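*Asks:* Using mature numbering (1 follows the signal peptide of the UniProt record, and there is no 0), the letters of the sequence shown correspond one by one to residues -26 to -1, 1 to 498. We put the CB at the ideal spot given by N, CA and C, even for glycine. Quick caveat, the model's predicted, so the values are computed rather than measured.
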Amino acid sequence: MWPSTPRLIALGLLVTLAIAVTAVSATTLTDARPLRLHFTLKRSSMTMYGHLEFDVFANPVLSADNTAVRYDGYATFKEGTTKHTIVMVDGIAYFVTSNADGTETAECSSSSSLALLNYIIPALNGATAISSATVDDKKITCSSGDLLKVVLGDATFVICASGSSGFIVYGSDLDISVKYLDHPPPRPLLIARICVKMWGRTLSVALAALALTASATSSLPNQHERALEAEAGMWSFGSTACKCKSTPRPCLFIHGENNEKEEKALQTKSDKFGDMTDRAPCCSTIKYASLDTKTVRWTDETLQETVCKHALSMSESSEADEGLIKDTILVTHSMGALIVAGAVANEKCSIDNSTTWVSMSAPMNGTMASNYVQDICTDDDTQAFRNILTLLGKCPVGAGMKSIAYMGGKYSTMALNKAYVAAQKVYRKHVSAAMCSNDDIGTVSIDQTSYLYLGSKIEHGTNEHDGMVTFESCRGGLPETQFSDSYEDRFYVSKCNHADTAFLHGDSYFRDTIKPVNWFECLL
């Protein structure tokens, strides 16, 4: 689920987390030992090439003067007849795919994807000693009695130090069991490759910052030596799965802009959304609309009528003659929200109280991305930037993209501004839950760099956006105070990019503000 090779940089970050919390656990860096890290991922949205459990092997490499340590690591995954190997050597991440016919392809990571490294040392410095812990409703049994709580990014982990044998990291989404090895693991052979080093300097691991767990040769430092804040009582967090809290109903997913292929019938799959089959407990069935949003405006009445027809077909209790959508869950992404809101505003159909509307990244005020692409496609001096238009379409700009020009901006019209106002009124009245973003960092994926670059180029007028849609536009007039950065709340302000909010790349391992799939699963 959610396969993308660059996303596997997350594995490197997992290795770094686990390595970091070993505390290079010795009196001196020269005592650092090889490791085997067994990962158990608890959610299907986090699979690595279809695997929820796998091993990572890591070997310490000391600097010439023994003042710093770096870990090289690797993991392999079998996917049918294909083998995927991930190797981190000399600060470079290699991603090698070996096929049954003997051919190989290789990629290297980009440094922009390693921003999480900046969180590790500060997080470990803020580690807290705790007396007991419960994760996923299970009490943690720690035979050594040494429990620590650490927050990495904005996700919480509990560490159980197990003396000379290793330690265990517990989280709501993953566990990591780490064993110290007596001998370095074998390193996979790599064909010659040219890569740019991910870091301009070797990642230095300060012993004082990392001395968190027991070493192979010494006991756990006392609380004063570690300068950790003691916390009394039990720490509890996490829940691995959610059940439907309301009545299961059929779900209709409605995508956003730039879809060229219109299908008359509803579909059972869509490349505009991630596969939510196992993550939607309140969806009795899942169907996807496939609409022409490339050449057709969201204000087009025929398009709005088509969406109404699809929505009315989902539940037998809906009143087609009256145009009343009943006992249905509508899930809209981006421009899809405007189509639904416009349809209701134009009285093409109406939404009954038994229907739930879930919205993600709705451009209820439009988006400056539309203005930007229209600028690019009309200015001969900026032709070089056309290569980045894969996210926004190609020149010439389609009517769908033009129709989400920013409200009140130079490419909007009086009629479009009026349509926005009417749609916003419907949105505020009927939307049951919404996910917006105030940061476009997103999860590591094939889209991450593109949206970060896009967000840096578009003059959104604010840093609070998903690369495409601002938080203000997504709110559509709903009060900012109605939103929370917790994925357990109905109105969720995340740090997802525009692709993440369509569930295309699963959830972040370390950021509770980048858990779109968990949000939807636990929502209703």
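Let me confirm a value: Trp173 is counted as buried when at least 16 other C-beta atoms fall within 10 Å, else exposed. Which label applies?
*Replies:* Residue confidence for Trp173 is low, a pLDDT of 33 falling below 50, so the modelled location carries little weight and cannot support an answer.
*Asks:* Counting Cβ pairs, one atom from each stretch, are 3 or more of them under 8 Å apart for the stretch 304 to 318 and the stretch 218 to 234?
*Replies:* Touching, yes.
*Asks:* Considering only the beta carbon of each residue, do Leu498 and Ser220 sit closer than 8 Å?
*Replies:* In terms of Cβ geometry, Leu498 and Ser220 form a close pair [threshold 8 Å].
*Asks:* With distances taken from CA atoms, which of Val347, Arg485, Thr330 is nearest Arg464?
*Replies:* Ranked by Cα distance from Arg464, the options Val347, Arg485, Thr330 are led by Thr330.
*Asks:* Leaving out the 5 sequence neighbours to the left and right, which residues in its chain are closer than 8 Å to Lys300 when beta-carbon positions are compared?
*Replies:* Ser289, Ser291, Ser292, Glu293, Asp326, Ser328, Thr329.
*Asks:* What's the gap between the Cα of Lys235 and the Cα of Ala373?
*Replies:* 15 Å
*Asks:* Going by other Cβ atoms of all chains shown within 10 Å of its Cβ, with 16 needed for buried, is His157 buried or exposed?
*Replies:* Result: exposed.
*Asks:* On a Cα-Cα basis, can you pick out the residue from Phe13, Thr41, Ala6, Cys256 that is closest to Trp493?
*Replies:* Cys256
*Asks:* How is Thr102 classed by DSSP in three states: helix, strand or coil?
*Replies:* Strand at Thr102.
*Asks:* My understanding is that Thr436 touches Glu446, with C-beta atoms under 8 Å, so please give their C-beta distance in whole angstroms.
*Replies:* 7 Å
*Asks:* Take every Cβ of the stretch 107 to 124, pair it with every Cβ of the stretch 134 to 147, and state whether three or more of those distances are shorter than 8 Å.
*Replies:* yes
*Asks:* Can you name the start and end residues of the beta strand (DSSP E) that Arg223 belongs to?
*Replies:* 223 to 228
*Asks:* Among Ala317, His12, Ala80, which residue has its Cα nearest to the Cα of Val281?
*Replies:* Nearest C-alpha to Val281: Ala317.
*Asks:* Within this structure, are the beta carbons of Gly480 and Gly248 separated by less than 8 Å?
*Replies:* yes
*Asks:* Could you check whether the stretch 471 to 487 touches the stretch 417 to 434, counting it as contact only if at least three pairs of C-beta atoms, one from each stretch, sit closer than 8 Å?
*Replies:* yes
*Asks:* Report the option in Ser333, Pro337, Val467, Lys368 whose CA atom is closest to the CA atom of Ile350.
*Replies:* Lys368
*Asks:* Helix, strand or coil: how does DSSP classify Leu478 here?
*Replies:* coil
*Asks:* Could you name each continuous beta strand (DSSP E) segment of 3 residues or more that falls completely within the stretch 215 to 281, going from the start of the chain to the end?
*Replies:* 223 to 228, 257 to 263
*Asks:* What is the residue span of the alpha helix (DSSP H) that Ala311 lies within?
*Replies:* Unbroken alpha helix (DSSP H) run through Ala311: 309 to 319.
*Asks:* Can you give the beta carbon distance from Leu366 to Ser424, rounded, assuming they're within the 8 Å contact cut?
*Replies:* Not really, about 10 Å apart at Cβ, beyond 8 Å.
*Asks:* Check whether the stretch 38 to 45 touches the stretch 11 to 21, taking contact to mean three or more Cβ pairs, one atom from each stretch, closer than 8 Å.
*Replies:* no
*Asks:* Just curious, the alpha helix (DSSP H) that Thr387 is in, first and last residue?
*Replies:* Thr387 -> no alpha helix (DSSP H), and no H or E assigned at all.
*Asks:* Where Asp120 and Ser335 are concerned, what is the direct C-alpha to C-alpha distance, given to the nearest angstrom?
*Replies:* 43 Å
*Asks:* Tell me the DSSP secondary structure of Ser468 in three-state form.
*Replies:* strand
*Asks:* Secondary structure at Glu433, three-state DSSP: helix, strand or coil?
*Replies:* Reduced to three states, the DSSP call for Glu433 is coil.
*Asks:* Whose CA, out of Ala473, His434, Asp39, Met309, lies closest to the CA of Tyr346?
*Replies:* His434
*Asks:* For His439, tell me which candidate among Val70, Val124, Thr475, Ala389 has the shortest Cα-Cα distance.
*Replies:* Thr475
*Asks:* At the level of alpha carbons, what is the spacing between Leu452 and Thr56?
*Replies:* 48 Å
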